[in-house]
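Residue numbers (our numbering): 4 to 248.
See below:
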């Protein structure tokens with residue numbers, strides 16, 4: 004749903020018939036799951052469903068990365084419904100309606116969604132750094148330069164996709180009243196966190212100890228670092244290397 008909304012905005016006013024059809028097919032593929040979710044929602048949410056639907060109507064113009072997503076009249080109507088999720092309702096209302104257990108379940112799902120997005124972001128950043136090191140840096144001539152930057156643009160598209168997913172997940176966690184311990188792990192994603200450097204790809208280079216990686220590179224998702232012998236040995240080696248520098 005998040006990516007489909009983003010792609011619907013991205014096609015703009017000059018969308019081709021093929022791209023419109025592709026969006027419609029994707030929406031049609033999601034439709035059965037959405038309808039099943041909507042039909043089961045009253046059984047679980049009860050009276051809270053009315054407030055959730057009202058909140059959904061108020062958010063008809065949705066924000067993605069700070070940009071307003073407005074339905075384009077030149078694109079055929081695509082049924083992008085706002086799902087009645089408790090993150091739309093907010094933590095206080097969940098407590099009032101005594102559906103805190105359901106809110107906790109959505110929080111767990113949002114954390115899993117954020118984990119998957121961060122993993123994909125790390126892979127995309129690695130791909131981008133390697134492309135700069137191997138393709139862009141050694142490209143000569145217009146053809147090879149265009150090809151190299153085309154690959155970088157493709158990686159940027161993937162990076163933007165999962166950045167959008169993480170930001171949506173993070174906002175939902177805030178709405179669900181996540182505690183500070185979890186926020187210390189899942190931080191707000193900033194533009195500076197998505198910058199890459201090729202210096203770390205040079206084993207014999209100097210000054211690596213001064214490179215500051217983004218917070219998610221050292222994130223312990225399974226929470227097993229303390230009991231992992233190999234990770235402890237790696238961290239000890241890294242500390243010794245820094246002291247020698």
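Beta carbons: idealized from backbone N, C-alpha and C, even for Gly.
Taking buried to mean at least 16 other C-beta atoms within 10 Å of its own C-beta, is residue i buried or exposed?
| i | result |
| --- | --- |
| residue 63 | A caution first: residue 63 carries a pLDDT of 45, below 50, which makes its placement in the model unreliable, though a value can still be read off. Exposed, since its Cβ has fewer than 16 Cβ neighbours within 10 Å. |
| residue 40 | exposed |
| residue 140 | exposed |
| residue 3 | Residue numbering for the chain in the displayed model covers 4 to 248; residue 3 lies beyond these limits and cannot be assessed. |
| residue 51 | buried |
| residue 91 | buried |
| residue 156 | exposed |
| residue 102 | buried |
| residue 11 | buried |
| residue 216 | exposed |
| residue 24 | exposed |
| residue 186 | exposed |
| residue 144 | exposed |
| residue 79 | Residue placement at residue 79 is poorly supported in this model, since its pLDDT is 49, which falls under 50; the coordinates still yield a value, given next. Answer is exposed; the Cβ neighbour count stays below 16. |
Beta-carbon separation of residue i and residue j under 7 Å?
| i | j | result |
| --- | --- | --- |
| residue 138 | residue 151 | yes |
| residue 88 | residue 97 | no |
| residue 179 | residue 110 | yes |
| residue 220 | residue 190 | no |
| residue 165 | residue 95 | no |
| residue 136 | residue 142 | no |
Judging by CA-CA distance, which residue of the options is the nearest neighbour of residue i?
| i | options | result |
| --- | --- | --- |
| residue 255 | 36, 7, 33 | Residue 255 cannot be examined here, being either before or after the span of the chain that is shown, 4 to 248. |
| residue 286 | 124, 142, 133, 164 | With the chain covering only 4 through 248, there is no way to say anything about residue 286. |
| residue 199 | 133, 182, 183, 30 | 133 |
| residue 158 | 53, 183, 129, 143 | 129 |
| residue 193 | 162, 181, 183 | 162 |
| residue 108 | 186, 32, 47, 27 | 47 |
| residue 122 | 18, 177, 223 | 223 |
| residue 53 | 177, 100, 30 | 100 |
| residue 33 | 105, 49, 20, 5 | 5 |
| residue 131 | 146, 112, 153 | 153 |
Against chain B, does residue i count as a neighbour if the rule is that its beta carbon must be under 7 Å from one of theirs?
| i | result |
| --- | --- |
| residue 11 | No chain B appears in the structure shown, which is made up of a single protein chain. |
Regarding residue i and the ligand ADP, is the C-beta to nearest heavy atom distance less than 6 Å?
| i | result |
| --- | --- |
| residue 125 | With respect to the ligand ADP, the structure offers nothing, as it holds no ligand at all. |
Is it true that the region 167–175 meets the region 113–123, where meeting means three or more beta-carbon pairs spaced less than 8 Å apart? yes
Kindly provide the ranges of any alpha helix (DSSP H) runs that are 4 or more residues long and lie completely inside the region 85–133, ordered along the chain. 89–92, 94–99
Quick check for students: name the residue ranges of the alpha helix (DSSP H) that lie wholly in the region 156–194, counting only runs of 4 or more. 183–188
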